[in-house]
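In this note's numbering, the protein residues as written are -19 to 384. For every residue, glycine included, the Cβ atom is placed at its ideal position computed from N, Cα and C. Just so it is clear, the structure is predicted and the values come from calculations on it, not from any experiment.
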């Protein structure tokens, strides 16, 4: 992917997207999920937010989402798109196809070969094969816990993230991990502790692809199978007043019927990761509804007690005021994506994902401005901005007809 191809995404942003759609009086947060090569979608989504004038007040990330989030928190606003672009340009590999070019069976085969190449050679500046890990698969060889070495990412992070700025917490950052012994989620908050590159290595250490990282006596890894979209730290402690949370998922729980081994693997992967996000959002919807109703009841009780016992101290108000709005976006892959899409770094696919994130966020902002909420509950509104277009079959993925 060339600089011109990604630079053009900034020039053609729809200027009619209302800059005031996320009101300046709202606290705006952004949650970024894991998904390796799919993370370019998050970069494009943020570009649309930036061009719309939306100021993010807090960001959380898991796996590749933690890297994108660190780039945002570790750069001033005017340099964030530039640094995101630099990171994803380095990650991309050459492709004979242009972004948006279907290519039929050839594109399907090429994407599979690209994913296989990643398995064999890794990605420069991100990760490299770990010979001891691959050898450990053979009988009689020493054991190991990772197939790849994530340390090449350290040099890349030093170029695209200013950790001194990040730890000033002008844009507070939360990094998600999982404790591999207890199975509990672990969050690192730049407002409470210093975040370094090792925290990002831990968040991206998805077993058995990457070895875990020990931090403060805890063995940590990628939280993908537990909380791939880290909403808990953003919604679990909501700020007082209005709260707008953009949740960006790199997997979509919805999809077509599987008709091959590849599409079956893709469906299993999508459901495993994306269903977490929907359950979490629904749980918070129920919680916020109860909290809001409780606050209303407490208000009535407080008034009654004040009238009956004016000398008694008022009851504490523990529930936050205002409404929380969650906007969910999810990457919906085109037909030529393969089950190993998270390992497919071709420049055409990276650019397509970036553009899809930008376009989906534009549509989400328009829906937000128009007030087209999917559901409204007391204290909680949900905008499901996932694309509803059914996935078409490509020439490389069309199931063979049954014989007559």
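- Inclusion of residue 366 and residue 310 in the CB contact set at 8 Å is warranted, their separation being smaller than that value.
- Counting of Cβ neighbours within 10 angstroms places residue 5 among the exposed residues, the total staying below 16.
- Taking C-beta atoms as the reference points, residue 13 and residue 250 fail to come closer than 8 Å.
- The Cβ atoms of residue 207 and residue 156 lie closer than 8 Å to each other.
- Residue 210 places its beta carbon 8 Å or farther from that of residue 105.
- Excluding the 5 residues flanking it on each side, residue 324 has same chain C-beta neighbours closer than 6 Å at 17, 91, 94, 95, in chain order.
- Excluding its 5 nearest sequence neighbours in each direction, residue 319 has C-beta neighbours in its own chain below 6 Å: 242, 245, 246, listed in chain order.
- Under the DSSP assignment, residue 65 falls in the alpha helix (DSSP H) whose first and last residues are 60 to 71.
- From the listed residues 363, 347, 331, 349, the smallest Cα separation to residue 19 is found for 331.
- Residue 189 carries a coil assignment under DSSP once its states are collapsed to helix, strand and coil.
- Going by beta carbons, residue 102 and residue 190 fall outside the 8 Å limit.
- Pairing residue 136 with residue 44 gives a Cβ-Cβ distance that is not under 8 Å.
- DSSP, reduced to helix, strand and coil, places residue 345 within a helical segment of the structure shown.
- Across the structure, residue 158 and residue 168 are spaced so that their CA atoms are roughly 11 Å apart.
- Apart from sequence neighbours up to five positions away, the residues of its chain that approach residue 302 with a beta-carbon distance below 6 Å are 221, 222, ordered along the chain.
- Residue state for residue 364 is assigned as strand, using DSSP reduced to three classes.
- The three-state reading of DSSP puts residue 194 in strand, counting E and B together.
- In terms of Cα proximity to residue 343, the closest of 308, 326, 50 is 308.
- Taking the CA atoms as reference points, residue 74 sits about 22 Å from residue 48.
- Note that the C-beta distance between residue 254 and residue 21 is not below 8 Å.
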